[in-house]
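> In the working numbering, each residue's number is its place in the sequence shown (first place is 1) plus 53.
Even glycine gets a Cβ: it sits at the ideal position worked out from N, Cα and C.
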Amino acid sequence: MKKDFDVQLRYDTPPQWVETVLADFDKFLQDHADCERKASAMAMSIIYKAPDRKEIIPELIETALEEMVHFRQVYRIMEERNVQLPHENEKDPYIKQLLSNLRGNSAHRYLDRLLLASLVEFRGAERFRLVAEALEEGELKEFYTMLYKSEGKHGNIFIDMALNYYDEKEVFDRFDELLDIEGKIVEGLPYRAALH
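Structure (C-alpha cells):
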C-alpha cells in the first residue's frame, strides 16, 4: 500500500543555492540531466542487487522509466537552449558522502540503499520546488513544478519498498539517523550550479 510520509529534511536549502543555480542555469541543466540518468540507473541497480525481491521490481522499473522520461525532458530543454551534454560529469560530493554511510552487513546495506534513494528524491523535490518558485511564469516553471511533485512521490515509494522487508521501527529509526546525516552533509557543501 502506497503512503505519503511526512518527511522533514533537517536542513533547508538556503536562497544562495537558488541564486547560484539561476546565475548559471545552463550548467545546472547539464547536472540535472546527469542526475536523472543516474536516478534511472540507481533504480535498476537496486533490482540487480536483489532480484529475488519481486514485490518491488515493478515499481522500480516504473521509477527507472520515469527518471529516463525526465532525462529526455531535460535534454529537450537543453537542445532548445543549445546546451550540450558534458563529455565528463563532475563527481557529486553529496552522493559520495551519502554512500559512505551505507552499512556493511548485506541486510542493513539493502535497507540503507532504499532509504538513501528516498533521501536523494526528497532533497531533489525540495530543490526543484525552490527552482520552480524562482522561475518566471512559463513552461520551465511548469516543468520544475511537475518535477518536484514527482520526486516527492519517488521519495515515498522507496520508504514504502523498505517497509516490505523491514520492521517499521527499524526503517524509521534508521531513516531518522540518515536524515540527520544528510542534513549535515548538505549544510557543509559549497553552493554549485548543480542539484546537490
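Identify which residue in L200, K149, N217 has its Cα closest to the Cα of K107.
Here the question's residue 107 lines up with position 54 in the sequence shown. The shortest C-alpha separation from K107 is found at N217.
> Does DSSP put H249 in a helix, in a strand, or in coil?
Here residue 249 is taken as the residue at index 196 of the sequence shown, counted from 1. In the structure shown, H249 sits in coil (DSSP, three-state: anything other than H, G, I, E or B).
> Please classify G177 as buried or exposed, where buried requires at least 16 neighbouring CB atoms within 10 angstroms.
Here residue 177 corresponds to residue number 124 of the sequence shown, with the count starting at 1. Its Cβ being crowded by 16 or more others within 10 Å, G177 is buried.
> Counting only the same chain and skipping the five closest in sequence on each side, list residues whose C-beta sits under 7 angstroms from that of F181.
Along the sequence shown, one-based indexing puts residue 181 at 128. Excluding residues within five positions, the ones whose Cβ falls inside 7 angstroms are Y197, L200, Y201, E204.
> For D165, collect the residues of the same chain with a Cβ closer than 6 angstroms to its Cβ; drop the 5 residues on either side in sequence, then sort them by chain order.
In the sequence shown, residue 165 corresponds to position 112, counting from 1. Hits under 6 angstroms: L155, R156.
> Go through its chain and collect everything with a Cβ distance to F211's Cβ below 6 angstroms, but skip five positions before and after it.
Translated into positions along the sequence shown, residue 211 becomes position 158. So the list reads L167, A170, S171, once near-sequence residues are dropped.
> Which of the three DSSP states, helix, strand or coil, is assigned to M54?
By 1-based counting over the sequence shown, the position of residue 54 is 1. Legend: pLDDT at M54 = 48, less than 50; position of this residue unreliable, value from coordinates given subsequently. In the structure shown, M54 sits in coil (DSSP, three-state: anything other than H, G, I, E or B).
> Below 7 angstroms CB to CB, which residues in the same chain sit around V127 once its five sequence neighbours on both sides are set aside?
Indexing the sequence shown from 1 puts residue 127 at position 74. So the list reads L82, H85, A86, E89, once near-sequence residues are dropped.
> Among residues of its own chain, excluding the 5 on either side of M54, which ones have a beta-carbon nearer than 7 angstroms to its beta-carbon?
Counting from 1 along the sequence shown, the entry for residue 54 is found at position 1. Any reading at M54 is ruled out, since the residue's pLDDT is 48, under 50, leaving its predicted position unreliable.
> Less than 9 angstroms between the C-beta atoms of D59 and R134, yes or no?
Numbered from its first residue, the sequence shown carries residue 59 at position 6. Numbered from its first residue, the sequence shown carries residue 134 at position 81. No, the Cβ-Cβ distance between D59 and R134 is not below 9 angstroms.
> Please list the terminal residues of the continuous alpha helix (DSSP H) segment that includes H85.
Locating residue 85 in the sequence shown gives position 32, where the first residue counts as 1. Run containing H85: 78-102, per the alpha helix (DSSP H) assignment.
> In angstroms with no decimal places, state the Cα-to-Cα distance between L231 and V224.
Residue 231 sits at position 178 when you count from the first residue of the sequence shown. Residue 224 sits at position 171 when you count from the first residue of the sequence shown. Approximately 10 angstroms between the Cα atoms of the pair.
> In angstroms with no decimal places, state the Cα-to-Cα distance between Y147 and L75.
The residue you call residue 147 lines up with position 94 of the sequence shown. The residue you call residue 75 lines up with position 22 of the sequence shown. For Y147 and L75, the distance between alpha carbons rounds to 20 angstroms.
> Leaving out the 5 sequence neighbours to the left and right, which residues in its chain are closer than 6 angstroms to D105 when beta-carbon positions are compared?
To locate residue 105, count along the sequence shown from 1; it is residue 52. Nothing meets the Cβ criterion.
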